[in-house]
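From first to last, the protein sequence lines stand for chains A and B. Numbered by our numbering, the letters in the first sequence go through residues 1 to 128 in order. Numbered by our numbering, the letters in the second sequence go through residues 129 to 256 in order. These notes are about the structure you will find just below.
2 protein chains.
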Amino acid sequence: MNIGEASEKSGLPRKTIRYYEDIDLIRPLRDRNGYRAFRDKDVHKLIFLSRARALGFSIDDCRTLLALWEDDQRASADVRALAQDHLAHIDHKIQDLQSMRATLSDLITACAGDHRPDCPILASLEKE
Amino acid sequence: MNIGEASEKSGLPRKTIRYYEDIDLIRPLRDRNGYRAFRDKDVHKLIFLSRARALGFSIDDCRTLLALWEDDQRASADVRALAQDHLAHIDHKIQDLQSMRATLSDLITACAGDHRPDCPILASLEKE
DNA sequence: TCTTGACCTTCCCACCACTGGAAGCCCCAT
DNA sequence: ATGGGGCTTCCAGTGGTGGGAAGGTCAAGA
Chain A
1 MNIGEASEKS GLPRKTIRYY EDIDLIRPLR DRNGYRAFRD KDVHKLIFLS
51 RARALGFSID DCRTLLALWE DDQRASADVR ALAQDHLAHI DHKIQDLQSM
101 RATLSDLITA CAGDHRPDCP ILASLEKE
Chain B
129 MNIGEASEKS GLPRKTIRYY EDIDLIRPLR DRNGYRAFRD KDVHKLIFLS
179 RARALGFSID DCRTLLALWE DDQRASADVR ALAQDHLAHI DHKIQDLQSM
229 RATLSDLITA CAGDHRPDCP ILASLEKE
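What follows is the structure, given as structure tokens:
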């Protein structure tokens, strides 16, 4: 299977797949003509990576998750711990964004939004 | 005023200030020795930028905001529109994160997290 | 006057996770 | 033989810094 098909099946762009090989997340074989030859196993990994990335795991986390996935002896506690760290990370981001949102939303409400120059949004950015 | 003092007063790292000059957000003067010479006006701008960035505005947005800020003839509607676009952007991000959070949280709940290898988190990343 | 140390300068590299583009093979259909 | 698509590698860029080297400048102390 060439990269185009692997891309279709995994939903990842060709560029991303090459990048993942570059950083040793996957190791597809090579045909005699130099083309990458993907086995089902490789595509399976790509799908795994695509899902993990969609959940916001970093590439480094993905590396660890892949290793755990391939390890029959793994303890689910290890996976769970990683996921929980990541959850905390996400929560932190959400809180940051919500705090931004609140401030911004207040400012927008306070701004007349007409043709006049007076603007509490700019005023708030300006002064203490 | 040298960059160190401007950095202290604005709360921005020296590196960031130099970067902002590089991309023409600010234009401090220069002393005869080549040192940047910040006027109060420059520091004022830096503080403005720092606040805007803290609210999550992109550098490009900041450029526009600065221009509006300096324009006595501006219409507050323009500022408001920009802020509202940004608010929508933030809301979108929050929603993405919350959807991640929900999925991840469900998976964590479902995972025993013990010494056994069975793990719904990995299982969910693997299959459809 | 000399030295020390804290500034300042520019320049280049690294980060993260890709993405775009150029130059050049390879393969298949016509 | 030709054309078009897919494949390859390599280089460069993104945003917004951060780290560090190599070297100039300044003020204070011995």
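Beta carbons: idealized from backbone N, C-alpha and C, even for Gly.
DSSP three-state assignment for residue 29 (chain A), whether helix, strand or coil: Secondary structure of residue 29 (chain A) (DSSP, three-state): strand.
Chain B within 8 Å of residue 113 (chain A), Cβ atoms only: Closer than 8 Å: yes.
Cβ pair residue 67 (chain A), residue 43 (chain A) closer than 8 Å: Cβ distance not < 8 Å, so residue 67 (chain A) and residue 43 (chain A) don't count as in contact.
At least 3 beta-carbon pairs within less than 8 Å: the segment 222 to 234 of chain B vs the segment 82 to 92 of chain A: Segments in contact, yes.
Residue 251 (chain B), buried or exposed, once every other Cβ within 10 Å from all chains shown has been counted against 16: Residue 251 (chain B) comes out exposed.
Integer Cβ distance of residue 139 (chain B) from residue 186 (chain B), believed to fall under 8 Å: Distance from residue 139 (chain B) to residue 186 (chain B) at the Cβ level is roughly 19 Å; contact not present, criterion being Cβ atoms closer than 8 Å.
Closer than 8 Å to chain A by CB, residue 249 (chain B): Taking Cβ atoms only, chain A reaches closer than 8 Å to residue 249 (chain B), which makes this a yes.
Segment contact flag, the segment 109 to 122 of chain A with the segment 196 to 215 of chain B, C-beta cutoff 8 Å, min 3 pairs: Touching, yes.
Beta-carbon spacing of residue 236 (chain B), residue 84 (chain A) below 8 Å: Cβ distance < 8 Å, so residue 236 (chain B) and residue 84 (chain A) count as in contact.
Within 9 Å of chain B by C-beta, residues of the segment 62 to 73 of chain A in sequence order: Taking 9 Å as the Cβ-Cβ cut-off against chain B, the residues of the segment 62 to 73 of chain A that qualify are 65, 68, 69, 71, 72 and 73.
Residues that residue 221 (chain B) contacts on chain A, provided the C-beta gap is smaller than 7 Å: 97, listed in chain order.
Through-space distance from residue 167 (chain B) to residue 15 (chain A), alpha-carbon basis: C-alpha separation (whole angstroms): 47 Å.
Residues within the segment 18 to 44 of chain A neighbouring chain B, beta-carbon criterion of under 7 Å: Hits within the stretch: zero.
Cutoff 6 Å; reference residue 190 (chain B); Cβ partners in own chain excluding five residues on either side: Excluding sequence neighbours, residue 190 (chain B) sits near 177 and 180.
Cβ separation of residue 21 (chain A) and residue 27 (chain A), assumed to be a contact under 8 Å, to the nearest whole Å: The Cβ separation is near 7 Å, so the contact holds.
Alpha carbon of residue 97 (chain A) to alpha carbon of residue 225 (chain B), nearest angstrom: Whole-angstrom Cα-Cα distance: 10 Å.
Cα-Cα separation, residue 46 (chain A) to residue 73 (chain A): Between residue 46 (chain A) and residue 73 (chain A), the C-alpha separation is close to 22 Å.
Interface residues of chain B facing residue 14 (chain A) [CB-CB closer than 7 Å]: The contacting residues do not exist; residue 14 (chain A) stays about 22 Å from chain B at best.
Unbroken alpha helix (DSSP H) run spanning residue 48 (chain A), endpoints: In the DSSP annotation of this structure, the continuous segment of the alpha helix (DSSP H) that includes residue 48 (chain A) starts and ends at 40 to 54.
Own chain partners of residue 119 (chain A) with C-beta closer than 7 Å, once the 5 adjacent residues on each side are dropped: For residue 119 (chain A), where only same-chain residues beyond five positions count, the Cβ hits under 7 Å are 111.
Exposure of residue 132 (chain B), with buried meaning 16 or more beta-carbon neighbours within 10 Å: With fewer than 16 other Cβ atoms within 10 Å, it is exposed.
Distance between beta carbons of residue 160 (chain B) and residue 130 (chain B), contact taken as under 8 Å: 13 Å between Cβ atoms; not a contact.
Residue span of the alpha helix (DSSP H) that contains residue 84 (chain A), given as start and end: It spans 76 to 110 - the alpha helix (DSSP H) in which residue 84 (chain A) sits, taken as one unbroken run.
Top-ranked residue by Cα proximity to residue 255 (chain B), from A:127, A:18 and A:41: Ranking the options by Cα distance to residue 255 (chain B), first place goes to A:41.
Chain B within 8 Å of residue 76 (chain A), Cβ atoms only: Between residue 76 (chain A) and chain B, the shortest Cβ-Cβ separation is below 8 Å.
Delimiting residues of the alpha helix (DSSP H) encompassing residue 62 (chain A): Unbroken alpha helix (DSSP H) run through residue 62 (chain A): 59 to 70.
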